[in-house]
Structures are given as structure tokens and as C-alpha cells.
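These notes are about the structure you will find just below.
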Amino acid sequence: AVSEGDQVIEPLNRYIRLFAERGNPVYFTRDWHTLHHISFKGYGGVWPSHCVQGTKGAEFHPGLYIPEDNKFVISSGGSPDFDSYSAFQGTVLHDLLRERGVSRVFVGGIATDYCVKHTVLGALNLGYQAFLLMEGVKGVNLRPDDSEKAVEEMMKRGAVCVTPEDEIL
Numbered sequence: 098a099v100s101e102g103d104q105v106i107e108p109l110n111r112y113i114r115l116f117a118e119r120g121n122p123v124y125f126t127r128d129w130h131t132l133h134h135i136s137f138k139g140y141g142g143v144w145p146s147h148c149v150q151g152t153k154g155a156e157f158h159p160g161l162y163i164p165e166d167n168k169f170v171i172s173s174g175g176s177p178d179f180d181s182y183s184a185f186q187g188t189v190l191h192d193l194l195r196e197r198g199v200s201r202v203f204v205g206g207i208a209t210d211y212c213v214k215h216t217v218l219g220a221l222n223l224g225y226q227a228f229l230l231m232e233g234v235k236g237v238n239l240r241p242d243d244s245e246k247a248v249e250e251m252m253k254r255g256a257v258c259v260t261p262e263d264e265i266l
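So for the sequence shown, our numbering puts the first residue at 98; every next one is plus one.
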């Protein structure tokens, strides 16, 4: 679990509404692990069991705004023998973005130091402009500075950190 992870909900809801009002596609990504996933401690991984398909732990936060007419759900981690942190790895996200002519991605959610970081780096590697929604991210922070280091790495690789006040949106 990400401590105080629910703090990203309201900032993300503001971004989701902003993008949806402008007619931009909004993609929701989630871990969607099998019961015996390779990332879980009991099966050789480093994480406790989490986001198991069909369980309450795999559901989106009930306060997250999901527009009915403008949503795409991308599930990752569905193969028990394949682990990844990027929403691009092992999914159709890149194909969906290319089909729609998307060149810029805005990423928020949890965890800054794992899935968010790897999704941003994956987007950059695939040629997208990547923007990190600073108010809409929260890290695991196994070490106290993990999220800070992740943000530094994303910026070093070309990501741009934005807040709602920035005109880039």
C-alpha cells in the first residue's frame, strides 16, 4: 500500500475533468495481477500480494472520477510469469495512443517511484513528450528519498513536471 495514496484522488480528478472537457482521451491503468503473480513474495517477488484480479484491492479508488464516455482501462500484470512497472509493457497502450495521434502523455497516480516512473520513462523511450502531474503522484518510498530520486531521473531523461497552474495543459 502507498501511505496516504488517497491524497492523489482530488488532484487527479481535476486533471481528468480538464482533459475530458477538452475531448482528450483519458487512460486509466491498473495492476491486475493473478493470484500467484511472480512479483509477490510467496512466488519469488519482493511485494506483498496486491491488486489481485477480481478483488476489492484491484478496484479503482471509489472517489476517482471515471467519465463514462471517455475512458480506457489498461490492465497490466495479468500474466503470472511476467512483471513490469510500465503501463506500456505487455499492454496495448502504445497502440491505442498511436491510433489516436497522441504525442503527449500526462502521468499521475501511484507509485511515483515504481509504476509512475517506469510509465513516464517508457513514454519517453517510445517518443512521447511526457509530463508528470506533480500534485497527482505519491510514492511507496521504501527508502525516504525514493520518490525524489525518481522525479529527478524522469526529469533528467526529459520529462516535464507540471502543476495545475502551468499553461502546458
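Positions of the beta carbon are idealized from the N, C-alpha and C atoms, including for glycine.
Query, Result
"Apart from the five residues just before and just after R127, which ones in its own chain have a Cβ nearer than 8 Å to its Cβ?", "C148, A155, F157, V170, I171, S172, S173"
"Would you check if the distance between the CB atom of L239 and the CB atom of D210 is smaller than 9 Å?", "yes"
"Excluding the 5 residues flanking S183 on each side, which residues of the same chain have their C-beta closer than 6 Å to its C-beta?", "H215, T216, G219"
"Whole angstroms are fine: how far does the CA of E245 sit from the CA of A269?", "It is not possible to answer for residue 269, since the shown part of the chain is limited to 98 through 266."
"Could you check how far apart the C-beta atoms of G187 and T131 are, in whole angstroms? I think they sit under 8 Å.", "That pair is no contact at about 13 Å."
"So, at 7 Å on beta carbons, what are the nonlocal neighbours of Q226 in its own chain, with the 5 sequence-adjacent residues on each side left out?", "S200, R201"
"Here's a check: name, in chain order, each residue in its chain whose Cβ is nearer than 7 Å to the Cβ of M252, leaving out the five neighbours to either side.", "C258"
"Where do the ends of the alpha helix (DSSP H) carrying T216 lie?", "214 to 222"
"Which same chain residues end up closer than 7 Å to G102 when comparing Cβ atoms and leaving out the 5 residues on each side of it in sequence?", "I207, K235"
"Between the alpha carbons of E262 and E232, how many angstroms are there, rounded?", "11 Å"
"So is S136 buried or exposed if we call it buried at 16+ other beta carbons inside 10 Å?", "buried"
"State the Cα-Cα distance for the pair D192 and V123, rounded to the nearest angstrom.", "15 Å"
"What ranges does the beta strand (DSSP E) occupy inside the segment 170 to 211, keeping only unbroken runs of at least 3 residues that lie completely in it?", "201 to 207"
"Put Y162 into one of helix, strand or coil per three-state DSSP.", "coil"
"By Cβ distance below 8 Å, which residues in the same chain neighbour E250 in space, the five residues on each side in sequence not counted?", "K214, L218"
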